[in-house]
Amino acid sequence: TYGFKEEEFIILAARPSVGKSAFAINLALNIAKRNPKGEDVSVAIFSLEMSNDQIVSRMIAKLSGINSYKLITGQLKPEEWARVNTASEALKRMPIFFDDSAASTVQDVRAKCRKLKQENKLDFVIIDYLQLLDSSEKSSNRQEAVSKVSRGLKLMAKELKVPVLALSQLSRSVETKSGEEKKPMLFHLRESGAIEQDADIVLLMHRPDLYDKEKRETDDEENPVSRIEINVAKNRQGLSGSDLLYRFRLSTSDFNQIDKEREE
């Protein structure tokens, strides 16, 4: 499952509009397409922010290479419709479970994941995003509530023996910094130090051109490409501190990793 191990609880954190959901969609597609032994690798996506239709639309844009705005408006040429149909058929065959239930609790998610696991349809879980999940237990404040959600997801990963990736917001304090200081740090994880403690891996996402448009990879307004930096801020069972670089094509939600050695 893309280098993630059974029982791992992974956090992918960033400020809004950086590309967390798009990255998670790419990850889900890559995992579901990887069948080295001819076996299905099943992914469950619990989206508390986007609808299933929105996620599917983004996935088709990624698979077809067609601008998502064109998909929404239906302004497509015949050959583009053919690419969309091919992408739709490919997506139908992928073992991806979608759930966009509003006001879900950790307990709801765990119950659905248990059922999928019993049916051998669960190898990887994505939560978008952690702060929108509730805990059915009473909490005296927001920080305690988020801590219970984080702990619940960690325990779910252990119980079901699958990697669980939860997207997470970062605090607004990142925005008050300038230049290189806008890069997120572990202490920017929003509302709870428990998230950092519970997570086996913490990935911090940064998009420099959100703050400086001159850092955009291309000036094409129809197909802008951003540079994304993902810092491995914590890795309980491996190396931390390294940066992964990606090119992010916003119009198709497509991520491509950059070879740092070649760039240098």
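For the sequence shown, my numbering gives the first residue as 232, with consecutive numbering after it.
The C-beta atom is built at its ideal place from N, Cα and C for all residues, glycine as well.
Just so we're clear, the structure is a prediction, and the values are computed from it rather than from any experiment.
Contact under 8 Å by Cβ, residue i with residue j
i	j	result
ALA255	LEU398	yes
ALA263	PRO326	yes
ALA321	LEU302	no
GLU427	ASP359	no
PHE329	LYS352	no
VAL395	LEU384	yes
LYS343	GLU237	no
ALA292	PHE479	no
ILE357	PHE277	yes
LEU401	LEU420	yes
SER273	ASP331	no
SER482	TYR300	yes
Residues that DSSP places opposite residue i in a beta bridge
i	result
ASP485	ARG480
GLU460	HIS437 and LEU476
ASN466	ILE432
Beta-carbon separation (whole angstroms), residue i vs residue j, contact threshold 8 Å
i	j	result
SER484	ARG289	5 Å
ASP431	ARG382	Rounded, the Cβ-Cβ distance is 13 Å, inconsistent with contact.
ILE459	GLY250	6 Å
ASN454	ASN298	7 Å
> Taking one C-beta from the region 428-443 and one from the region 459-476 each time, how about it: are there three or more such pairs within less than 8 Å?
Replying inline: Here the region 428-443 lies against the region 459-476, with 3 or more beta-carbon pairs under 8 Å apart.
query: Is the region 278-286 in contact with the region 380-393, if contact means three or more CB pairs nearer than 8 Å?
result: Output reads no: the region 380-393 does not touch the region 278-286.
Quiz prompt | Segments of 4+ residues assigned as alpha helix (DSSP H) that fall wholly inside the region 233-277 | solution = 251-264
Every unbroken alpha helix (DSSP H) inside the region 288-348 [4 residues or more] | 299-304 and 309-324
### Query
What runs of the beta strand (DSSP E), each 3 residues or longer, lie entirely inside the region 350-433?
355-359 and 395-400
Cβ pair count under 8 Å reaching 3, the region 236-256 against the region 454-468:
yes
### Cβ contact (3+ pairs, closer than 8 Å) linking the region 358-370 and the region 335-343
yes
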